[in-house]
Amino acid sequence: MRRWCFLVSLAAAIAAGVAGCGDAAREGPETVKVSGTVTLDGEPLAGAHVTFSPKTAGPPAFGETDDQGRFSLQTFEPGDGAIAGKYLITVTKMASQGAIEFEDEAAKEEYLRQHGDQASQVKFVNDVPDKYSNRKTSGLTAEISIGAKNHVELELTSK
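Below, the structure written as structure tokens:
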């Protein structure tokens, strides 16, 4: 009988220990799901970086658009959303100009040997009008609320 009580107690202790080993709740403010779409001149903008900067103190939320211009935000971990509040929004899409792709490492080394420093002159440009990359000039805002749908449509123009 004593052995049976010991085994039951041991099993209960193991079960309690395993139950406590799950993902610990993340500390910090509550986040809510936020999704949206970005268009430029009416067309979906793929590969753009979207940043929601709080109007007051707090961490920003960010996401990247897919081929259809859709995004979902994260603040602390993928897909967790944003903290409820008012936000200023920026959108950027950086692209390289002058980048050269090589078939293999030998071709790259040969090119660098022949062209030297010229080879490293790759420029990055924003494919989105500059005003959208600055939260003070973008004109893009959103208010994220607990219990709301929180879907944000960002309609950008190149003019």
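Counting from 1 along the sequence shown, just add 359 to a position and that's the residue number in my numbering.
Glycine residues also receive a C-beta, built at the ideal position from the N, C-alpha and C atoms.
Take every Cβ of the segment 457–472, pair it with every Cβ of the segment 427–443, and state whether three or more of those distances are shorter than 8 Å.
no
Output needed for G498: all residues of its chain with C-beta closer than 8 Å, excluding positions within five of it in sequence on either side, in chain order.
K490
Start and end of the beta strand (DSSP E) containing R429?
R429 to S431 is the extent of the beta strand (DSSP E) around R429.
Using the Cβ count rule (16 or more neighbours within 10 Å means buried), how would you classify V503?
First, the amino acid is wrong: residue 503 is Ile here, not Val. So I503 ends up on the buried side.
Can you give the Cα-Cα distance for G444 and P488, rounded to whole angstroms?
Our two residues, G444 and P488, have alpha carbons roughly 26 Å apart in a direct line.
Per DSSP, which residues does T500 bridge with? Please list them.
L447
Could you spell out the range, first to last residue, of the beta strand (DSSP E) harbouring A420?
A420 to E423
Under the rule that 16 or more other beta-carbon atoms within 10 Å means buried, what is S517, buried or exposed?
By the 10 Å Cβ count, S517 comes out exposed.
Any contact between the segment 430–437 and the segment 464–476? By contact I mean 3 or more CB pairs, one from each, below 8 Å.
no
Would you identify the three-state DSSP class for K482, choosing helix, strand or coil?
strand
Measure the Cβ-Cβ separation of V409 and V450 and say whether it is below 7 Å.
yes
On the three-state DSSP scale, how would you describe A374?
Bear in mind that the predicted position of A374 carries a pLDDT of just 48, short of 50, making it too unreliable to give a figure here.
With distances taken between CB atoms, is the gap from S412 to L447 smaller than 7 Å?
yes
Excluding five sequence neighbours on each side, which residues of the same chain lie with their C-beta closer than 7 Å to the C-beta of L399?
Taken in chain order, the residues that qualify are V487, L515 and S517.
Do Q427 and P403 have their C-beta atoms within less than 7 Å of each other?
yes
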